[in-house]
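For the sequence shown, our numbering assigns the number 782 to the initial residue and increments by one for each residue that follows.
Yeah, the Cβ is synthetic: ideal placement off N, Cα and C, and Gly gets one too.
The next block holds one structure in the form of structure tokens; read it before the comments.
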Amino acid sequence: MNEYKTHFDTPEDAYFGFFEADASQNGDAWAAVMSYPHVRVDASGRTAYYDTARDYADNADWTSRVATGWVLTRGREPVRLHESPNKVHLVGGWTRYNADDDPILWNRVTYIVTKPADSWGIQARFALGTYYDGRDDETAIVQATEAAIGQVRRYCDALEKSDGDACASLCRFPLIEVGVGAVTRIEDGTKLAQQVNERTTSVSNIEVEAAQSGPRGVLVAVTADDASGSSEESIVVVSRSADAWQIAGISKML
């Protein structure tokens, strides 16, 4: 029998289990919280992909980060943004603490939690970027939010026109698409353009709004109504690289 938890009854169980396993500094326990393949998309530009639990556990390392003064991470109270029977978008994040229990670093993260079999697990993390003083630069966040929403609107407009090249110009690669028990990596603009050009679905209405914002990354919620009257909800993580905003990851509720 494992000495750590491997079954999670709800998305929130998996979310808080993530931080509990991290605090235990047990790589296998931390890996057991995830659904695989697992991916982390950072607004900073880094994407980390783990095909199996073994891959994740083998890459877990606490020694170097403890040396920086970071000894504990506590999760924010999560909020369900979108949900289905086997997939939930949890808006959350975390705060890092030092040995004196003083907060030293913050991050906003949306967790894509899935149930590919009989247990919930974290399939993906869309991280918006760390900040150090615990305070938000409201002007920078307003500007970031406007820029990210504009980027997603342009992407949706190009998608509706089946303009693959325009869609590709708005993205960073590999572009990540998160499913249930599946993660698709679209490696370059040519592949994305081909997919978009073959698209046949028509959308009658699109609503776009920010769900979580930081100066360097924004999570955008999209609701698209098609001609038949059905709706599709999705989240899009938009990151800033230099002065350019790029779509880095997408998760749809199917």
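Can you name the residues that DSSP bridges to residue i?
i            : result
residue 1001 : 991 and 1017
residue 972  : For residue 972, which the question treats as bridged, DSSP gives no partner whatsoever.
residue 784  : Beta-bridge pairing links residue 784 to no other residue.
residue 855  : 876
residue 1022 : 1025
residue 864  : 869
residue 889  : 874
residue 1007 : 984
residue 911  : 888
residue 905  : 820 and 893
residue 900  : Answer by DSSP bridge pairing: none, since residue 900 is not bridged.
residue 1030 : 957 and 1018
Thinking C-beta only, is residue j closer than 8 Å to residue i?
i            : j            : result
residue 817  : residue 852  : no
residue 857  : residue 873  : yes
residue 1031 : residue 1019 : no
residue 959  : residue 904  : yes
residue 1036 : residue 1007 : An answer regarding residue 1036 cannot be provided, because it is not within the stretch 782 to 1035 covered by the chain.
residue 829  : residue 813  : no
residue 837  : residue 815  : yes
residue 797  : residue 901  : no
residue 875  : residue 906  : no
residue 1015 : residue 1034 : yes
residue 1017 : residue 933  : yes
residue 967  : residue 951  : no
residue 823  : residue 811  : no
residue 1026 : residue 928  : yes
residue 980  : residue 943  : yes
Relative to the C-alpha of residue i, which candidate in the options has its C-alpha closest?
i            : options                 : result
residue 936  : 959, 845, 973 and 884   : 973
residue 930  : 992, 828 and 919        : 992
residue 846  : 792, 925 and 885        : 885
residue 831  : 841, 788 and 987        : 841
residue 963  : 871, 895, 794 and 824   : 895
residue 954  : 875, 1012, 941 and 971  : 971
residue 791  : 928, 897, 803 and 821   : 897
residue 961  : 869, 986 and 939        : 869
residue 1060 : 1014, 1011, 969 and 995 : Lying before the first or after the last residue shown, residue 1060 is absent from the chain, which here runs from 782 to 1035.
residue 794  : 859, 941, 926 and 823   : 859
residue 978  : 967, 946 and 957        : 946
residue 921  : 883, 805, 1024 and 809  : 1024
residue 975  : 986, 965 and 948        : 948
residue 939  : 899, 912, 867 and 987   : 987
residue 850  : 910, 918 and 881        : 881
residue 867  : 911, 899 and 1004       : 899
residue 827  : 910, 805, 807 and 800   : 910
residue 1013 : 808, 864, 843 and 912   : 864
residue 941  : 985, 800 and 925        : 985
(message) Closer than 8 Å is the cut-off here; do at least three beta carbon pairs connect the stretch 883-899 with the stretch 988-1008?
(response) Contact between the stretch 883-899 and the stretch 988-1008 is present: 3 or more CB-CB pairs across the two stretches fall below 8 Å.
(message) In chain order, what are the residue ranges of uninterrupted alpha helix (DSSP H) at least 4 long that sit wholly in the stretch 940-966?
(response) 945-950
(request) Report the residue ranges of all beta strand (DSSP E) runs contained in full by the stretch 795-854; include only those spanning at least 3 residues, in chain order. (result) 815-823 and 828-831
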